[in-house]
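Everything on this sheet refers to the single structure shown next.
Numbering (this note's numbering), first residue to last: 4 to 208.
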């Protein structure tokens, strides 16, 4: 169970064991592990994991990391945050408001990372019909950063896939860096310098 689930909007929201079980700050990660270095994020490779870099059209800026695993997808983004306060409570409310304005549905719940959302996001099906894509929005406030995750696919209903994606989110390392950054700014991501990325490839968003 996470702490600070009912605190003020600027309280940090994170599992009580975050420092030892993740998601990790770069100062907490095991340096011996063979992470894929994406700049602001480090991802631990594993069998069956496919990594995609989501690139913003026009700027060619890498804006998110997509992880395909266990019949599911996990999109992760890291944002700069204040040292002593968190962003997840406020950002979660904004996500819910945006989904509802788009005609979607949203249910708040408390999961292993703290408060989260399960939402039906309006989307066009392959046959052209309009429907709802079910997604789970999770977030963890760390030291001077917020890590946001969006889970979809088998992990919404399948318990074993759900556990696999939660463990994958736990294994992510955030590299905040020491440079000053305004809160909410996306921590810069980069294409890996090595080709041994377990199938990493750019994908436009």
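In this text, a Cβ means the ideal position worked out from N, Cα and C, and glycines have one as well.
Do you know whose CA, among the options, lies nearest residue i's CA?
{"i": "residue 182", "options": "61, 150 and 190", "result": "190"}
{"i": "residue 31", "options": "22, 86 and 175", "result": "22"}
{"i": "residue 153", "options": "132, 28 and 68", "result": "68"}
{"i": "residue 186", "options": "178, 192, 148 and 161", "result": "148"}
{"i": "residue 13", "options": "63, 39 and 92", "result": "92"}
{"i": "residue 127", "options": "119, 137, 118 and 44", "result": "137"}
{"i": "residue 86", "options": "96, 196 and 180", "result": "180"}
{"i": "residue 266", "options": "73, 34 and 116", "result": "The displayed coordinates of the chain run from 4 to 208. Any statement about residue 266 would go beyond what the structure contains."}
{"i": "residue 195", "options": "48, 35, 34 and 33", "result": "48"}
{"i": "residue 161", "options": "188, 73, 173 and 108", "result": "73"}
Once you ignore the five residues that flank residue i on each side, which residues in its own chain have a CB closer than 6 Å to its CB?
{"i": "residue 75", "result": "156, 157, 158, 164 and 168"}
{"i": "residue 205", "result": "Only weak support exists for where residue 205 lies, its pLDDT of 47 falling under 50; the coordinates are left without a value."}
{"i": "residue 151", "result": "80 and 142"}
{"i": "residue 27", "result": "176"}
{"i": "residue 146", "result": "28"}
{"i": "residue 188", "result": "83"}
Within its chain, find whatever has a CB closer than 8 Å to the CB of residue i; leave out the 5 residues flanking it on each side and keep chain order.
{"i": "residue 70", "result": "46, 52, 53, 54, 55, 76, 77, 78, 79 and 171"}
{"i": "residue 119", "result": "95, 111, 112, 113, 139, 140, 141 and 142"}
{"i": "residue 66", "result": "57, 58, 59, 80, 189, 192 and 208"}
{"i": "residue 173", "result": "24, 25 and 26"}
{"i": "residue 166", "result": "none"}
{"i": "residue 36", "result": "47"}
{"i": "residue 212", "result": "Missing from the structure shown is residue 212; the chain here goes from 4 to 208 and no further."}
{"i": "residue 132", "result": "none"}
Provide the residue(s) that pair with residue i in DSSP beta bridges, ordered along the chain.
{"i": "residue 87", "result": "Bridge partners of residue 87: none, in fact."}
{"i": "residue 121", "result": "110 and 139"}
{"i": "residue 82", "result": "149 and 189"}
{"i": "residue 133", "result": "127"}
{"i": "residue 45", "result": "40 and 176"}
{"i": "residue 61", "result": "None; residue 61 has no bridge partner."}
{"i": "residue 165", "result": "Partner(s): none; residue 165 has no beta bridge."}
{"i": "residue 71", "result": "53 and 76"}
{"i": "residue 27", "result": "176"}
{"i": "residue 144", "result": "149"}
{"i": "residue 158", "result": "In the DSSP output, where bridge partners are listed per residue, residue 158 has none listed."}
Who are the near neighbours of residue i in its chain, counting only those whose CB is closer than 7 Å to its CB and skipping five residues on each side?
{"i": "residue 207", "result": "With a pLDDT of 42 at residue 207, under the threshold of 50, the modelled position of that residue is not reliable, and no figure is offered here."}
{"i": "residue 202", "result": "Note that residue 202 scores a pLDDT of 43, beneath 50, so its modelled location is shaky; the value from the coordinates is reported in the next line. Correct list, in chain order: 53 and 54."}
{"i": "residue 134", "result": "126 and 128"}
Between the beta-carbon of residue i and the beta-carbon of residue j, is there less than 7 Å?
{"i": "residue 244", "j": "residue 89", "result": "Limits of the chain in this structure are 4 at one end and 208 at the other, which puts residue 244 out of reach."}
{"i": "residue 178", "j": "residue 29", "result": "yes"}
{"i": "residue 141", "j": "residue 122", "result": "no"}
{"i": "residue 192", "j": "residue 25", "result": "no"}
Establish whether the CB of residue i and some CB of chain D are separated by less than 7 Å.
{"i": "residue 155", "result": "Looking for chain D here will not work: only one protein chain is present."}
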